[in-house]
Amino acid sequence: MAQYLQSEEMAQRYRAKAIDVPNQRILITDFRNSGQEEDLSVPPNCGGFGRVRHFVRTRDANWPNNPLPIDPACRALNLPFQDKIRAQVFQNAVCNWRCWYCFVPFPLLDGRKAHSQMMSVGQLIDLWSAEGDRPRLIDLSGGQPEIVPEWILWTMRELSARNLDQEVYLWSDDNLSTDYFWTCLTNEDREFVRSYPMYGRVCCLKGFDAQSFSFNTSAGPEEYDRQFVLLRRLVELGLDLYCYVTLTTEDTVNLEAKISTFVDRLRSLDENLPLRTIPLKIQVFGPTQNRLTPGRTASLMNQCSAVDAWSNELERRYSTSSRAMHVSDVPLVSRRAV
Ligand code: SF4
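263 is the number of the first residue of the sequence shown in this note's numbering; add one for each residue after it.
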């Protein structure tokens, strides 16, 4: 019988060591002397606790563009749309899944002391403020930031207190594995997050069906359905939401039909959600190399067939003009006004 991660137990255990609520501190990855440091194109900044990431719209002529978070940030910051953007990235040091293609070495996902430190959001913003040529886009990444959803809330409050809430665009990742946003924050907290004007969140769907999800994350297949339950709640709340999907799979039987079902499922949450969903191409580099198996290697090829099916589905369902919209301009039908 397949052995799956105990991801709920892991999330609880990691939360206990990754947040200090009374002192408003979060366990943040220290990139210095870590396996991730050697993969960075520029050295870590912010005293070792940050890194600058260059997001690029087009990396592969045979794969759909990735406009995230370029377009939402440009729209919010009132900048012309561009093909690259720099972001200040901070990572929290825990995640309750173990995607085989994760570019973060697994020792940086279990909150070990050698690679992390408790930091307040004030300390992080101080470090960012001290950087020359600092990006106006701050990406709270992971790890899984939503194991400690207070991190996003506290960062918003800190930026507001410093009158930086109109200067900085805040972006965060959510792998849709925990409901702590709903159980650890109050209604008032959630309303603050919802109505914060310069914020976008990307939710990562780790497959297009339960089998591909489990193959990618090592979590139980039933957690695939849970991703949609959590995503629906966020859509209904009215955040400025975007999605990534990874399409790596071992199983190509009835691939077109499975992708069609996946698109239906997104549309059941919001009819325009597929237009805010970006397929991410998985590539092998850094720590991924050592995690390859024959099945994973095959899945790298299979994702190309899956993305063709995805593009065909979108072409069939949406007009040329809808598909040409900037992702930040695609209306979520259910989204409440800020
Ligand atoms: S959910 Fe994200 S951070 Fe966690 S293992 Fe997967 S890719 Fe890595």
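We put the beta carbon where it would ideally sit given N, CA and C, even for glycine.
Sheet register partners of residue i (DSSP bridge)
| i | result |
| --- | --- |
| M380 | L289 |
| Y580 | The partner list for Y580 (beta bridge, DSSP) is empty, contrary to what the question assumes. |
| K543 | BP columns for K543 are empty, so no partner. |
| H316 | R348 |
| T508 | L542 |
| V464 | D435 and Y504 |
| I281 | I288 |
| N307 | G312 |
Within 9 Å, strictly: CB atoms of residue i and residue j
| i | j | result |
| --- | --- | --- |
| L535 | Y506 | no |
| A481 | G405 | no |
| R463 | S434 | yes |
| P367 | G297 | yes |
| F352 | T445 | no |
| Q350 | W390 | yes |
| N358 | L267 | yes |
| F524 | D570 | no |
| E611 | S522 | Past the boundaries of the shown model lies residue 611; the chain is included only from 263 to 600, so the question cannot be answered. |
| R277 | V410 | yes |
| Y363 | T559 | no |
| M381 | L302 | no |
| L447 | L503 | no |
| L415 | V455 | yes |
| T511 | Q545 | no |
| R538 | F490 | no |
| S590 | P334 | yes |
| A264 | S561 | no |
| T479 | R360 | yes |
| G548 | F365 | yes |
Check: residue i C-beta below 8 Å from any heavy atom of the ligand SF4
| i | result |
| --- | --- |
| Y442 | no |
| S207 | The structure shown does not extend to residue 207, since the chain is modelled only from 263 through 600, so no value can be given for it. |
| R313 | no |
| L357 | The sequence as given places Cys at residue 357; Leu does not occur at that position. Checking every heavy atom of the ligand SF4 against the Cβ of C357, one is found closer than 8 Å. |
| R488 | no |
| C336 | no |
| D435 | yes |
| L371 | yes |
| K520 | no |
| V546 | no |
| K346 | no |
| C308 | no |
| G482 | no |
| V366 | yes |
| Y461 | no |
| K468 | yes |
| G297 | no |
Below-9 Å beta-carbon distance, residue i vs any chain B residue
| i | result |
| --- | --- |
| A264 | Although the question refers to chain B, the structure presented lacks it and comprises just one protein chain. |
* Only counting runs of 3 or more residues, tell me where the beta strand (DSSP E) segments fall wholly within the segment 518-542, in order along the chain. => 539-542
* Can you give, in chain order, each stretch of the alpha helix (DSSP H) that sits fully within the segment 348-422 and has at least 4 residues? -> 383-391
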